[in-house]
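According to the working numbering, the residues represented by the sequence shown are 997 to 1199, in order.
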Amino acid sequence: STPWGTAEYSEVFSLFFIVLGLNILSTNKQSFVNLFMVGLIFGISIMINIGSAIVIIGTVFFLERNIINKSIYLLLGSTVPLILLTYFYHSRELSKIFLETTFYIPLNYPSSSTFSPKILIDFLRSYFEFNKLLYLIMVLAFITLLKQIRFASFKIYSLLVTSLIFVFIALHGYYHHYIFFIFFLTYSMAVSYTHLRAHETRG
């Protein structure tokens, strides 16, 4: 659909790399090599949309033991795309453009607006007006998530929380700012449902 599936939204491309890194982090041994690769993938996401760094912070809860050391390897991996792009732009005397479009403009973005609960209300209203069936599914997903919350660890909801923080830091309430939130709402529901079924099986 035009409002929610527009291909050029940077959040869509960033989300691909976040999910790819998250999949590796969740299904593979958390060796330093794998962690570095995940950091590299996350770094690509950040270079596509620097705001995705806010969402990626939530992945720290997926780390098992030695969290500080493992976080360092993630951080080291994430700096590789930044270093390569910095060199690429600098070698072509485009450092100013790189700094402005990658850091200055996005970091000054929130200062052009102020926080208001109306941001979330407008989103819910627009989603309802856009497609009532999708709105109902979203509400049911949220209710299901709340019912299952005691069967899942906090890490499952960490990305949902950080994706919502992303919306409020951006402040403008543009539709594409909710792409992370919508995805991780369904992700959290699916994973917590799996935990619920596992709990019922053990019971």
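For each residue, glycine too, the CB sits at the ideal point set by N, CA and C.
Keep in mind the model is a prediction, meaning the values are calculated, not measured.
As assigned by DSSP and simplified to three states, the class of residue i
i     : result
G1035 : helix
V1046 : The displayed chain sequence assigns Ile, not Val, to residue 1046. Three-state DSSP puts I1046 in coil, outside helix and strand.
N1019 : helix
E1007 : helix
S1027 : coil
L1059 : coil
Y1183 : helix
Y1153 : helix
Y1170 : coil
Span separating the alpha-carbon of residue i from that of residue j
i     : j     : result
M1043 : G1073 : 13 Å
T998  : R1061 : At T998 the pLDDT is 47, less than 50, meaning the model places this residue with poor confidence and gives no usable figure here.
A1186 : I1152 : 10 Å
L1155 : T1055 : 7 Å
Y1069 : N1019 : 17 Å
T1097 : K1143 : 42 Å
L1095 : R1088 : 14 Å
T1082 : K1092 : 10 Å
S1200 : V1051 : In the structure as shown, the chain starts at 997 and stops at 1199, and residue 1200 therefore has no counterpart that could be examined.
K1025 : F1058 : 12 Å
L1181 : F1119 : 15 Å
A1137 : I1014 : 22 Å
F977  : P1102 : This structure does not reach residue 977, given that the chain is present from 997 up to 1199, and the question cannot be answered.
S1122 : F1099 : 30 Å
L1090 : L1078 : 14 Å
S1184 : L1080 : 34 Å
Contact set for residue i: own chain, Cβ-Cβ below 7 Å, skip 5 residues either direction
i     : result
V1076 : L1036 and G1039
A1049 : I1042
Contact set for residue i: own chain, Cβ-Cβ below 6 Å, skip 5 residues either direction
i     : result
Y1005 : H1172
L1160 : F1177
L1031 : K1066, Y1069 and L1070
Cβ shell of residue i (< 8 Å), same chain only, five flanking positions each side left out
i     : result
I1063 : V1056
L1016 : I1037
Output the residue ranges of the beta strand (DSSP E) runs that lie fully inside the segment 1068 to 1132 and measure 3 residues or longer, sorted by chain position. Listed in chain order, the beta strand (DSSP E) runs fully inside the segment 1068 to 1132 amount to none, counting runs of at least 3 residues.
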